[in-house]
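Student: This is the structure, below, for whatever I ask next.
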Amino acid sequence: MNQLRNQRGTDTDEVYIDPERGIAINARQMTTEQHFKYYKSSFSTLRPDLTEYEYEAFAKRLRVGESFLNHMRVFLNHESGRVTNLYPVGARFDKMFNYQNQYFHLRPPFILGHRSNANRNWADASKVVNYVEKQLLKITKYGLDYPNYYAPKTENELKQREDEIYERFIREMRKPPVVAAQ
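Each residue of the sequence shown is one higher than the last, beginning at 100 in the working numbering.
Next up, the structure:
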């Protein structure tokens, strides 16, 4: 649960987000017992089970994932504008409906006034980080992480790494193509 302050313009209001029920609860309408129940169940980090070092790595990957989602949202916005300008009204309705659904799924979950906060819960943040880790493994596997901060120090090590990547590409290209299920 995340605590959001100053939603309605007053500094005394506290708003708790209840992810299980999907609602925002204002502390003004709570009894003291309810207030302490929500206060004790809220965490200051998305993953309280991680150590400080692990959480720092998690937060960096989450930032990369959030920026990727933001870029995808901007791309979809530009693409919907392109479709609007290029296609006639009857042909673009189905296309625009798909872009609209994707765009709204990529929007940050909570909008507060003039700024938008992506207050993700534990499960959503973990999904974003798992996706980023999977993509980073692919990037490292094929040697696309340039500039590589863990680069080989000698020319022989560099030549050996290039040969390994070259052999991996040859193996991947020799595999039979995957046919889509019909």
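Beta carbons: idealized from backbone N, C-alpha and C, even for Gly. Note that the structure is a prediction, hence the values are computed from the model and not measured.
Helix, strand or coil for Asn-125? Go by DSSP, reduced to three states.
Tutor: Of the three classes helix, strand and coil, the one that applies to Asn-125 here is strand, per DSSP.
Student: Under DSSP, the alpha helix (DSSP H) around Arg-260 begins and ends at which residues?
Tutor: Where Arg-260 is concerned, the enclosing alpha helix (DSSP H) stretches over 254–273.
Student: Using 10 angstroms around the beta-carbon of Leu-235, count the other beta-carbons present and answer buried if the total reaches 16, otherwise exposed.
Tutor: The residue is exposed, with fewer than 16 neighbouring Cβ atoms inside 10 Å.
Student: Specify the secondary structure class of Val-228 as computed by DSSP and reduced to three states.
Tutor: Of the three classes helix, strand and coil, the one that applies to Val-228 here is helix, per DSSP.
Student: Helix, strand or coil, according to DSSP, for Leu-149 in the structure here?
Tutor: Coil at Leu-149, not helix or strand.
Student: If Phe-146 and Trp-221 are in contact, beta carbons under 8 Å, what's the gap, nearest whole angstrom?
Tutor: It should be pointed out that residue 146 corresponds to Arg in this sequence rather than to Phe. With a Cβ gap of about 6 Å, Arg-146 and Trp-221 count as contacting.
Student: How should Gly-164 be labelled, buried or exposed, when 16 other C-beta atoms within 10 angstroms of its C-beta is the threshold for buried?
Tutor: Flag for Gly-164 reads buried.
Student: Given a cut-off of 9 Å, decide if Leu-149 and Met-171 are closer than it, judged by their beta-carbon atoms.
Tutor: Against a cut-off of 9 Å, the Cβ pair of Leu-149 and Met-171 comes out as no contact.
Student: For Thr-144 and Arg-219, I'd like the C-alpha separation in whole angstroms.
Tutor: Straight-line Cα distance between these residues: approximately 11 Å.
Student: CB Tyr-152 to CB Ser-179, shorter than 9 Å?
Tutor: No, the Cβ-Cβ distance between Tyr-152 and Ser-179 is not below 9 Å.
Student: Excluding sequence positions up to five away, which residues of its chain have a Cβ less than 7 Å from the Cβ of Asn-176?
Tutor: If we look at Asn-176 and ignore the five residues flanking it on each side, its Cβ neighbours are Tyr-202.
Student: Who are the Cβ neighbours of His-134 in its own chain at under 6 Å, not counting the five residues just before and after it?
Tutor: Excluding positions up to five away in sequence, the list reads Ala-126.
Student: Spatial neighbours of Val-228 within its chain, please: C-beta separation below 8 Å, excluding the five flanking residues on both sides.
Tutor: Excluding positions up to five away in sequence, the list reads Phe-157, Arg-160, Leu-161, Gly-164.
Student: Is the Cβ-Cβ distance between Val-231 and Phe-167 less than 9 Å?
Tutor: Yes.
Student: Report back the beta-carbon spacing between Arg-260 and Tyr-241 to the nearest angstrom; my notes put them in contact at under 8 Å.
Tutor: Incorrect: roughly 11 Å between the Cβ atoms, too far for contact.
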